[in-house]
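FYI, the numbering for the sequence shown is 411 to 714, going by the working numbering. Here the structure comes first, spelled out in structure tokens, and everything after it is commentary.
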Amino acid sequence: SPTRTNPPSPFRFVVAVVIEREKMATAKDYEKIEVASDHVETGTIPAVSATPMVEVVAPSTLPEGYRFEAEIDSGNIISVVVPKGGVEEGQRFMIPLPPVPTSQANANRSSVPVGHWKDSMFNCLAHGICHPQFWLTCCCHVLAIGQIMQRMKLNFLGNPASVAESAGTFKKCVIILVGTYVLGFTFVILSNAFRGPLEGYDEYNNPVYTVTAPQLFFALLYHATWFSYSIFGLIATMNTRSYLRRKYAISETNCPGCEDFCCAFWCPFCVICQMARHTADFDTYPAACCTENGLPSHIPSPVD
Numbered sequence: 411s412p413t414r415t416n417p418p419s420p421f422r423f424v425v426a427v428v429i430e431r432e433k434m435a436t437a438k439d440y441e442k443i444e445v446a447s448d449h450v451e452t453g454t455i456p457a458v459s460a461t462p463m464v465e466v467v468a469p470s471t472l473p474e475g476y477r478f479e480a481e482i483d484s485g486n487i488i489s490v491v492v493p494k495g496g497v498e499e500g501q502r503f504m505i506p507l508p509p510v511p512t513s514q515a516n517a518n519r520s521s522v523p524v525g526h527w528k529d530s531m532f533n534c535l536a537h538g539i540c541h542p543q544f545w546l547t548c549c550c551h552v553l554a555i556g557q558i559m560q561r562m563k564l565n566f567l568g569n570p571a572s573v574a575e576s577a578g579t580f581k582k583c584v585i586i587l588v589g590t591y592v593l594g595f596t597f598v599i600l601s602n603a604f605r606g607p608l609e610g611y612d613e614y615n616n617p618v619y620t621v622t623a624p625q626l627f628f629a630l631l632y633h634a635t636w637f638s639y640s641i642f643g644l645i646a647t648m649n650t651r652s653y654l655r656r657k658y659a660i661s662e663t664n665c666p667g668c669e670d671f672c673c674a675f676w677c678p679f680c681v682i683c684q685m686a687r688h689t690a691d692f693d694t695y696p697a698a699c700c701t702e703n704g705l706p707s708h709i710p711s712p713v714d
């Protein structure tokens with residue numbers, strides 16, 4: 411007898427329809443359309459998952475690994491890392507869409523003004539004379555600038571860096587500070603240990619010793635150590651200020667071309683205090699002297 415052929419079992423198909431929205435497609439934008447038949451036997455084809463992507467236009471020519479911020483969806487800020495090979499100004503490239511920041515993080519970012527500084531460079535006491543950031547800057551400006559660089563994801567010289575490199579910025583500043591003091595005191599002790607015999611007393615009855623070559627050598631090392639420390643502070647402050655001006659579109663108002671250097675050289679304490687206030691909302695969140703970014707651990711960073 412002829413063999414009876416059963417009709418193929420139909421399947422329930424799930425069709426993924428991509429909805430484009432402002433140059434993005436997300437997994438939430440997939441609509442499931444079910445197509446079923448009257449047959450009893452059914453199967454299921456799982457929906458194909460898609461990685462959310464977003465298209466970014468390079469604001470300028472940037473090297474590989476450079477990190478900057480981009481705005482999407484009416485105010486949401488995402489962090490963008492330049493892909494391998496770098497990008498040219500105006501070039502479009504696709505990246506995986508990172509999680510949308512929380513409203514708290516966005517609120518903290520929005521507190522950072524664009525196009526101008528938040529307040530004057532000489533408004534150091536804006537939050538009172540007992541403010542932790544003010545005293546840390548006065549007593550140890552290298553640690554204060556280290557907190558700002560850590561907050562802005564910069565390396566210990568104030569230049570843009572990868573996440574891994576910038577994670578140790580504040581620790582490196584601490585090492586530089588401690589190393590400078592240790593070397594300085596060591597050279598003072600060695601210089602005094604190699605001083606010559608007593609020659610007499612000066613007009614104020616202070617002892618005068620003969621200067622020896624080893625004593626002079628260690629004295630020069632002492633001054634070279636502190637000079638290097640000062641140069642490091644100058645470079646870090648100047649580069650950090652330059653980065654903040656570029657990031658927040660703040661133009662130079664005095665000494666065009668060398669304003670960052672002049673401010674960092676002549677008034678580093680005021681400059682550091684201004685940058686600290688500009689990159690944190692101290693009216694809402696307290697400052698912290700002993701944290702890596704100068705903020706309590708639960709406070710969102712302006713550039714996370």
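Glycine included, each C-beta is placed from N, C-alpha and C at the ideal position.
Cβ-based burial, residue i [other Cβ within 10 Å; buried from 16]
i      : result
Leu564 : buried
Glu702 : buried
Ala646 : buried
Phe566 : buried
Phe628 : buried
Asp612 : exposed
Ala571 : buried
Ala623 : exposed
Cys716 : Since the first and last residues shown for the chain are 411 and 714, residue 716 lies out of range.
Cys549 : exposed
Ile487 : buried
Rounded straight-line distance, which links the Cα of residue j to that of residue i
i      : j      : result
Lys528 : Thr663 : 15 Å
Leu654 : Ile660 : 8 Å
Leu507 : Phe692 : 31 Å
Asn649 : Leu553 : 15 Å
Thr547 : Ile555 : 8 Å
Val609 : Ser652 : Inspection of the sequence shows that residue 609 is occupied by Glu rather than by Val. In a straight line, the C-alpha of Glu609 is about 53 Å away from that of Ser652.
Ser601 : Pro617 : 16 Å
Gly606 : Leu631 : 18 Å
Ile641 : Ile709 : 32 Å
Gln557 : Pro678 : 15 Å
Tyr619 : Leu626 : 12 Å
Ala561 : Val573 : Inspection of the sequence shows that residue 561 is occupied by Arg rather than by Ala. So the two alpha carbons sit approximately 11 Å from each other.
Thr464 : Tyr658 : Just to set this straight, residue 464 is Val in the shown sequence, not Thr. For Val464 and Tyr658, the distance between alpha carbons rounds to 23 Å.
Cys700 : Cys540 : 15 Å
Tyr639 : Ile585 : 12 Å
Phe532 : Ser489 : 32 Å
Val522 : Gly538 : 20 Å
Leu593 : Pro696 : 34 Å
Asn615 : Phe675 : 38 Å
Gly643 : Val621 : 32 Å
Met685 : Arg656 : 13 Å
Thr694 : Phe503 : 37 Å
Cys668 : Pro493 : 32 Å
Other residues of its chain near residue i: CB distance less than 8 Å, five sequence neighbours each side excluded
i      : result
Gln501 : Val467 and Ala468
Met559 : Asn565, Phe566, Gly568, Ser576, Thr579, Phe580, Cys583, Ala646 and Thr650
Gly495 : Glu474
Val491 : Gly475, Tyr476, Arg477 and Ile505
Chain-order list of residues whose beta-carbon lies under 7 Å from that of residue i (same chain, five-residue window excluded)
i      : result
Ala698 : Pro542, Gly704, Leu705 and Pro706
Cys534 : Phe544, Cys680 and Cys683
Ala536 : Asp529 and Arg687
Val524 : Tyr658 and Ala659
His551 : Gly643, Pro678, Phe679 and Ile682
Residues near residue i by beta carbon distance below 6 Å, same chain, minus five either side
i      : result
Thr471 : Glu498 and Glu499
Thr461 : Pro506
Ala603 : none
Phe671 : Met648
Cys673 : Val681
Thr436 : With a pLDDT of 43 at Thr436, under the threshold of 50, the modelled position of this residue cannot be trusted; read the value that follows with caution. Excluding positions up to five away in sequence, the list reads Pro462.
Ala480 : Val466, Ile488 and Val490
Cutoff 8 Å: residue i Cβ touching any chain C Cβ
i      : result
His688 : This model lacks chain C altogether, as it is built from one protein chain only.
Open item on the list: When you compare the segment 630-641 with the segment 578-592, are there three or more beta-carbon pairs, one atom per stretch, that lie closer than 8 Å?
Closed with: Output reads yes: the segment 578-592 touches the segment 630-641.
- [ ] Indicate whether the contact test is met: 3 or more Cβ pairs, each with one atom in the segment 526-540 and one in the segment 682-691, closer than 8 Å.
- [x] yes
- [ ] Can you check the segment 545-588 for any alpha helix (DSSP H) of at least 4 residues that lies completely inside it and give the ranges in chain order?
- [x] Runs found: 551-561 and 573-576.
TODO: Would you check if there are 3 or more beta carbon pairs closer than 8 Å linking the segment 594-608 to the segment 567-578?
DONE: The segment 594-608 is not in contact with the segment 567-578.
TODO: Starting from the N-terminal side, write out each stretch of the beta strand (DSSP E) that is 3 residues or longer and does not extend beyond the segment 482-508.
DONE: 486-491 and 502-506
Task: Length-filtered (4 minimum) alpha helix (DSSP H) runs lying within the segment 617-674 - done: 623-657
Open item on the list: Report the start-end ranges of each alpha helix (DSSP H) in the segment 676-703 that is 4 residues or longer and not cut off at the edges.
Closed with: 678-688
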